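In structure tokens form, the structure reads like this:
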């Protein structure tokens, strides 16, 4: 599904990703871990197409097509979703109307008519039930005054509505208490299928207690330096990241 | 001959057509003298520092367009709020159009200034209210000197006018350049309630200069909601002088939507002459090209326990320029005043300019006065967030701008007006999204 080949990316002339390779197949969950400053969030932003970053080498392929020249909305239309570490507050736009606009713009890009209001309503009802989201929450302004947990849950709700092929969760666990974490993990597990894939970017192992990854990658200094299964996350939790750095030096 | 000379020398001709032996004409003559002394405002005046009228005053305006021009309703229907029943006072090139209007004299008067200024029936109201709150500055004096036509609205006590009243001034371009000076008077007696929608619309690209004066009196416990829709041609300029006097427990709101025109100057003045008064001043300005809008507001808190709420949002693209000068005066007696002023601006282009100047003069010591002013850009991270959800950049920008202006839009009490403004905004931003936020 996603194939990242020798990706080199910089911001303001500073190289952050230094030849990164990653392959994600349908139905898989990949966790990307690593110390602060390793380039985890940069990877997420670059895949989603944030224009502040410049890709100087390598390719990002989605289902065989190079998407590295596409605008962020075009990548979204192709099925990439990024759950933001810090979701933006947009006062004056309700959650419902935002997601309606997002869905209809995506349909427009594909040459489809707007989704009929009734279908939209049913879909909103279905997904909010699935994720135990109070309907009142949907008529509030997008992320305005939301708690950390509410913001992340809103991201998962949007993901459920947009049904992406590839979802990247950027530090979705940061700032969440254990209950909020379970809600988010539960949502991801319900949305997981044979046809979609997840990349979970996290600093800590605890989210991976609830979402079991197929692969765990360690990102260090702009490259993936180690790949393993779920047990690697536990090892990192117990021993920290220093042993990997030492391993690299030797 | 420059415009001032032309105006001054035309006064004799104007006087031929009006009754010289009236109190009203005494007021006119005095105002004429005042304008003759003062002339047009220049940028040397502090109040006109950021707005030059030079480019507008250089046109050779026809001062009293004489051709009778009729227009088809079908051609101008779009400028009306036509999806609800309303009273209408419509002028074409400064002359009353009975065909396009719908007036009344039944429970209240929605009619013409020309009648009110001349007929005995209205004498008492004219004597009590005409030119009583209007300031005697350059352009108001000029308007007063030639005051003859406009809308006259008188709502007696305990009367609620259920239909909004639209005041529309069309210019047809029958003359190469047209100058108009409408004069409106709106009186809401005790506990009366009225909603007004005002629009100035040029129908061609010929130059238009409108120097409008509106006086509003809200007696005890009256409510007046006034909506100004300014979305005129790029060759049309407007100076809107609006003066509002409020008595105790009255509420007056003025929403000014400035989307078009060449130069638009809004002089909006509130005088609070009682206690527990609420004055609401709101505006959305969205400009592009070389458009210029200057909002000059004044709220004069004279008595204790009153409120004022100002919220002006501005979005400036290309080389457009904006001014917000918001003055709040709180007199020594006006204790417990609660005056709030907010002015937020987004510069979409780095060639656009915004000059903001809050002015607070507070002589009382037990008051709450706040003001906030920001000039910024659209938030890149918010745009990326929306794009990431599949919303193209243009639509994302429009949505963000719309959301920015929404604090003003949501306080519009007539849904059809709110809806119309939303459509104008979507059209201006070149997007086709619902915005039903």
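Chains as they are written, first to last, in our numbering: chain A, 1 to 250; chain B, 1001 to 1437.
Ideal Cβ placement from N, Cα and C applies to all residues, glycine included.
The model shown is predicted, which means the values in this text are computed figures rather than measured ones.
1. If we ignore side chains and look at the alpha-carbon of each, how far apart do residue 1147(B) and residue 1028(B) end up?
2. Is the region 1397-1405 of chain B touching the region 1377-1387 of chain B, taking contact as three or more C-beta pairs under 8 Å?
3. Which ranges does the alpha helix (DSSP H) cover as unbroken runs of at least 4 residues, wholly within the region 4-33 of chain A, from first to last along the chain?
4. Per DSSP, what kind of secondary structure is residue 1172(B) in: helix, strand or coil?
5. Cα separation between residue 1010(B) and residue 1093(B)?
6. Using the Cα positions of residue 1393(B) and residue 1189(B), report the straight-line distance between them to the nearest angstrom.
7. When the Cα of residue 163(A) is compared with those of 82(A), 137(A), 69(A) and 183(A), which residue comes out closest?
8. Which complete beta strand (DSSP E) runs does the region 1286-1310 of chain B hold, if anything under 3 residues is left out?
9. DSSP three-state label for residue 1198(B), please.
10. Within 10 angstroms of its Cβ, does residue 76(A) collect 16 or more other Cβ (buried), or is it exposed?
11. Consider the Cβ of residue 1392(B): report whether some Cβ of chain A lies at a distance smaller than 7 Å.
12. State the DSSP-derived secondary structure class of residue 1236(B), mapped to helix, strand or coil.
13. Can you check which of these residues, 1023(B), 1273(B) and 1279(B), is closest to residue 1120(B) by C-alpha distance?
14. Look up residue 1183(B) in the DSSP assignment and give the residues it is bridged to.
15. Can you find a CB in chain B that lies within less than 7 Å of the CB of residue 72(A)?
16. At 9 Å on the CB atoms, spell out the chain B contacts of residue 184(A), in chain order.
17. For the alpha helix (DSSP H) containing residue 83(A), list its first residue and its last residue.
18. Please determine, among 1257(B), 1248(B) and 1260(B), the residue with the shortest C-alpha to C-alpha distance to residue 1271(B).
19. Give the residues of chain B in contact with residue 50(A), contact being defined as C-beta atoms less than 7 Å apart.
20. Use the C-beta contact count for residue 69(A): other C-beta atoms within 10 angstroms, 16 or more gives buried, fewer gives exposed.
21. Determine the contact status of residue 1062(B) and residue 1214(B), defining contact as a CB-CB distance below 7 Å.
22. Can you tell me whether DSSP reads residue 1427(B) as helix, strand or coil?
23. Out of curiosity, what's the CA-to-CA distance linking residue 1048(B) and residue 1041(B)?
24. Hey, is residue 57(A)'s beta-carbon within less than 7 Å of any beta-carbon in chain B?
25. Just to confirm my understanding: we take residue 1145(B), look at its own chain, exclude 5 residues before and 5 after, and list those with CB closer than 6 Å. What are they?
26. Along the chain, where does the beta strand (DSSP E) containing residue 226(A) start, and where does it finish?
27. Less than 7 Å between C-beta atoms, sequence neighbours within five positions excluded: which residues of the same chain meet that for residue 1101(B)?
28. Looking only at its chain, what residues have a beta carbon closer than 8 Å to the beta carbon of residue 219(A), apart from the 5 residues adjacent to it on each side?
29. Exposed or buried, residue 1395(B), counting other C-beta atoms within 10 Å across all chains shown (16 or more means buried)?
30. Does residue 1406(B) get closer than 7 Å to chain A when you measure Cβ to Cβ?
31. Does the count of Cβ pairs from the region 105-112 of chain A and the region 139-147 of chain A closer than 8 Å reach three?
32. Classify residue 1167(B) as helix, strand or coil using the three-state DSSP reduction.
33. Run down chain A in chain order and give the residues with a C-beta less than 7 Å from the C-beta of residue 1381(B).
34. Cα separation between residue 1240(B) and residue 134(A)?
35. By a C-beta neighbour count over all protein chains shown, 10 Å radius and 16 as the cutoff for buried, is residue 1116(B) buried or exposed?
36. Determine the closest residue to residue 199(A) out of 215(A), 209(A) and 78(A), with distance taken between C-alpha atoms.
According to the structure data:
1. C-alpha separation (whole angstroms): 7 Å.
2. yes
3. none
4. Coil, per DSSP.
5. 18 Å
6. 50 Å
7. 82(A)
8. 1292-1301
9. strand
10. buried
11. yes
12. Strand at residue 1236(B).
13. 1023(B)
14. Under DSSP, residue 1183(B) takes part in a beta bridge, and its partners are 1213(B).
15. yes
16. What residue 184(A) touches in chain B: nothing, since even the nearest Cβ is about 18 Å away.
17. Where residue 83(A) is concerned, there is no enclosing alpha helix (DSSP H), although the beta strand (DSSP E) it sits in stretches over 80-83.
18. 1248(B)
19. 1384
20. exposed
21. Not in contact: residue 1062(B) and residue 1214(B) (Cβ atoms no closer than 7 Å).
22. In this structure, DSSP gives residue 1427(B) a helical state, which the three-state scheme calls helix.
23. 7 Å
24. no
25. 1028, 1031, 1032 and 1035
26. 223-228
27. 1088, 1089 and 1090
28. 20, 32, 33, 34, 38, 39, 40, 43 and 225
29. buried
30. Residue 1406(B) counts as touching chain A.
31. no
32. strand
33. 88
34. Going by C-alpha positions, residue 1240(B) is about 48 Å away from residue 134(A).
35. buried
36. A check of alpha carbon separations from residue 199(A) across 215(A), 209(A) and 78(A) identifies 215(A) as the nearest.
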